[in-house]
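Comments concern the structure below.
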């Protein structure tokens, strides 16, 4: 189910990164980096970086993945 929701969110990221369901924001407490996250669902996030118009995805998992960035 999580994979399905994650894949459903990918068009939003590609077409409109400001879509309200993604809730994209910079990860707090990581100065000097440009890590961001978007919410896959209530329990899961995706960590990524933005390089121009390219999104490099790093990890998908529970919100605890922020501790490992």
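Numbering (this note's numbering), first residue to last: 63 to 131. Note that CB positions come from ideal geometry on N, CA and C, so glycine has one too.
Comparing alpha-carbon positions, the option among 73, 98 and 85 lying closest to residue 104 turns out to be 85. Here residue 80 is exposed. Its C-beta has fewer than 16 other C-beta atoms within 10 Å. Counting other Cβ atoms within 10 Å of its Cβ, residue 107 reaches 16 or more and is therefore classed as buried.
The C-alpha of residue 120 lies about 11 Å from the C-alpha of residue 112. Cβ contact annotation for residue 127 (same chain, cutoff 8 Å, sequence separation greater than five): 107, 109 and 121, in chain order.
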